[in-house]
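Visitor: Per my numbering, residue 29 is the first one in the sequence shown, and the count goes up by one each step.
Glycine residues also receive a C-beta, built at the ideal position from the N, C-alpha and C atoms.
Before I ask anything, here is the structure I am working with.
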Amino acid sequence: IEVSSSAFPITGEWAVHMLNVVAESLFMHFETAAEAFQGTDTNEDHLISFDEFSRFLDSLHLKELPPADYRRLFDALDVNGDGGIDKHEFFGAFKFGFHPSAPRRATARATAALVNADAQADSGGAGASAK
29 IEVSSSAFPI TGEWAVHMLN VVAESLFMHF ETAAEAFQGT DTNEDHLISF DEFSRFLDSL
89 HLKELPPADY RRLFDALDVN GDGGIDKHEF FGAFKFGFHP SAPRRATARA TAALVNADAQ
149 ADSGGAGASA K
């Protein structure tokens, strides 16, 4: 499997699969790739360091991506090899998933809201509702 564009070449079945796994989780937390980048670039230097990337992935609680594999994915995203992920690298990796997956994102959020409402109802919580 190979996903590439003139700005973002990425190869390898594992890397492509992991990008899809991360993208699915991003859809649950952010509306756009720009918001996801800003949420990951915590020091606002317009470059995602490995530490920022690791903290961000930790926050997603991805069962398919253990911390031991964070560096491997980071290196796949760091196309120019400068030790950081810039906006072009980040957007190049995730843009292919954000727009077409908008219906999945909305469905996933609705499902999460329903699960939360059911959990509150099961625990006797008052005012449980899905947003």
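Expressed to the nearest angstrom, what Euclidean distance is found between the alpha-carbon atoms of residue 67 and residue 96?
Guide: When rounded, the distance between both Cα atoms is 22 Å.
Visitor: My guess is that residue 112 and residue 77 are in contact by the Cβ rule of under 8 Å, so how many angstroms apart are they, rounded?
Guide: The pair is a contact, with the Cβ atoms about 6 Å apart (cut-off 8 Å).
Visitor: With a threshold of 16 other CB atoms inside 10 Å of the CB of residue 46, please say whether the residue is buried or exposed.
Guide: The residue is buried, with at least 16 neighbouring Cβ atoms inside 10 Å.
Visitor: May I ask you to verify whether the stretch 98-111 touches the stretch 52-65, counting CB pairs closer than 8 Å and requiring at least 3?
Guide: Counting Cβ pairs under 8 Å, fewer than three are found: no touch.
Visitor: What is the rounded straight-line gap between the Cα of residue 82 and the Cα of residue 98?
Guide: Distance between the alpha carbons of residue 82 and residue 98 is about 6 Å.
Visitor: Going straight from the alpha carbon of residue 102 to that of residue 63, what length do you get?
Guide: Rounded to the nearest angstrom, the two C-alpha atoms are 19 Å apart.
Visitor: Thinking C-alpha only, which one of 89, 115 and 75 is nearest residue 56?
Guide: Ranking 89, 115 and 75 by Cα distance to residue 56 puts 89 first.
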